[in-house]
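Participant: Numbering-wise (the numbering used here), the sequence shown opens with residue 4 and increments by one.
Pasting in a structure now, in structure tokens, and then I'll have a few things to ask.
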Amino acid sequence: MKLVNNDGQNTDLIIEGETATFKGEEYDILIHDGEISVAGHIATNNFIVKEEYIEEMVERFKSRKGNVDQYNGFAGFMLIKKEKKMSVLTGWDSIKDFTAWGESEAFQNSHVKKEQRVKSQGSDYLEAMPVRESFSVEG
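Right, dumping it as structure tokens:
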């Protein structure tokens, strides 16, 4: 899949079996729900996890509530990992669907409030603030 960010920069997402190549790096796929490869829009949340919390973070994602899965236009969820780097990728039918999720109360509760707490208090789990990205899928 060819991904294009808001600045017009291109990268690829290649899913092959239990691995994914994203931004030129190979990651292990830890969770793959739905069918992200049919998405028209991909949103990512990228973070570096402190070594001692990697397994706990993986378990948290494995037991996630799945609120996002219920939203119109949701195509798939993927958690990929390379050493201490993890990325959550969510696939959407369109940017409009992703925007609706981002403006929802469920998103505010599961992401924005936690992010505000991390900014003000730091994180026991993460080495730095997560970086969100948004991509259109081409071809």
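Here a beta-carbon is modelled for each residue, glycine too, at the ideal position from N, C-alpha and C.
Any idea which residues DSSP pairs Lys88 with across the strands?
Facilitator: Position 85 of the sequence shown holds residue 88. DSSP, once it has assigned bridges, lists Ile51, Lys85 as partnering Lys88.
Participant: Considering only C-alpha positions, which residue in the set Asp96, Glu38, Lys88, Ser97 is nearest to Glu130?
Facilitator: As a first step, residue 130 must be located in the sequence shown, where it is residue number 127. Ranking Asp96, Glu38, Lys88, Ser97 by Cα distance to Glu130 puts Lys88 first.
Participant: Looking at the unbroken alpha helix (DSSP H) that takes in Arg63, where does it start and where does it end?
Facilitator: As a working note, residue 63 is residue 60 in the sequence shown. Start and end: 57-65.
Participant: Nearest to Asp96 by alpha carbon, out of Leu33, Met4, Ile39?
Facilitator: For the purposes of this step, residue 96 is identified with residue 93 of the sequence shown, where counting begins at 1. Selected option, being the one with the closest Cα: Ile39.
Participant: At the level of alpha carbons, what is the spacing between Glu86 and Thr102?
Facilitator: Taking the first residue of the sequence shown as position 1, residue 86 is located at position 83. Taking the first residue of the sequence shown as position 1, residue 102 is located at position 99. In a straight line, the C-alpha of Glu86 is about 31 Å away from that of Thr102.
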